[in-house]
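In this note's numbering, the protein residues as written are 1012 to 1177.
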């Protein structure tokens, strides 16, 4: 789990989480270990960790999120996690699929990242305060935008943890 996910208390009772554009699914795997049902969605699920793939509480959906109109369901998930992924037309579907009072955790690269490395394509980079503005009517629990260091080289990212209004 990333530092961002470790700093927030998650529901003690099992919920239904979505790991969107999940990649290997290592973040969603932690939620599975805590007893939550997790839906893993990605264009290609071949990189999904075997522990996630074989878990009885895992739902696997192979879906190209960038073609056509995507419907992730209406008020289906208690929490949606999105990391290192941006497809602006998907934002309304993300907002719609979270239950009232549910939690969105979103972390991805900002426009400043292009000055130090990949990604460089503006389609994959948030504008200044874009994430915060997109979910402006949600209750912010955490917001950060700036240079972030970690296990690898630093990156320019924005992080938002927010609760959906009732």
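Using N, Cα and C, we set each Cβ at its ideal position, and we do this for glycine too. Values in this document were obtained by computation on a predicted structure and should not be read as measured data.
Which of the three DSSP states, helix, strand or coil, is assigned to residue i?
{"i": "residue 1126", "result": "helix"}
{"i": "residue 1146", "result": "coil"}
{"i": "residue 1118", "result": "strand"}
{"i": "residue 1044", "result": "helix"}
{"i": "residue 1174", "result": "strand"}
{"i": "residue 1169", "result": "strand"}
{"i": "residue 1104", "result": "helix"}
{"i": "residue 1012", "result": "At residue 1012 the pLDDT is 40, less than 50, meaning the model places this residue with poor confidence and gives no usable figure here."}
{"i": "residue 1031", "result": "strand"}
{"i": "residue 1066", "result": "coil"}
{"i": "residue 1153", "result": "strand"}
{"i": "residue 1025", "result": "coil"}
{"i": "residue 1141", "result": "helix"}
{"i": "residue 1039", "result": "helix"}
{"i": "residue 1164", "result": "coil"}
Let me confirm a value: residue i is counted as buried when at least 16 other C-beta atoms fall within 10 Å, else exposed. Which label applies?
{"i": "residue 1147", "result": "exposed"}
{"i": "residue 1124", "result": "buried"}
{"i": "residue 1168", "result": "buried"}
{"i": "residue 1028", "result": "buried"}
Between the Cα of residue i and those of the options, spot the shortest distance and give me the residue it belongs to.
{"i": "residue 1032", "options": "1173, 1136, 1064 and 1072", "result": "1072"}
{"i": "residue 1101", "options": "1122, 1134 and 1158", "result": "1134"}
{"i": "residue 1139", "options": "1152, 1158 and 1093", "result": "1158"}
{"i": "residue 1026", "options": "1068, 1053 and 1062", "result": "1068"}
{"i": "residue 1088", "options": "1121, 1112 and 1154", "result": "1112"}
{"i": "residue 1030", "options": "1024, 1045, 1044 and 1049", "result": "1049"}
Three or more C-beta pairs below 8 Å linking the region 1104–1116 and the region 1047–1064:
no
Please determine if the region 1075–1092 and the region 1119–1135 are in contact, where contact requires at least 3 C-beta pairs separated by less than 8 Å.
no
Are the region 1036–1050 and the region 1117–1124 touching by the rule of at least three beta carbon pairs closer than 8 Å?
no
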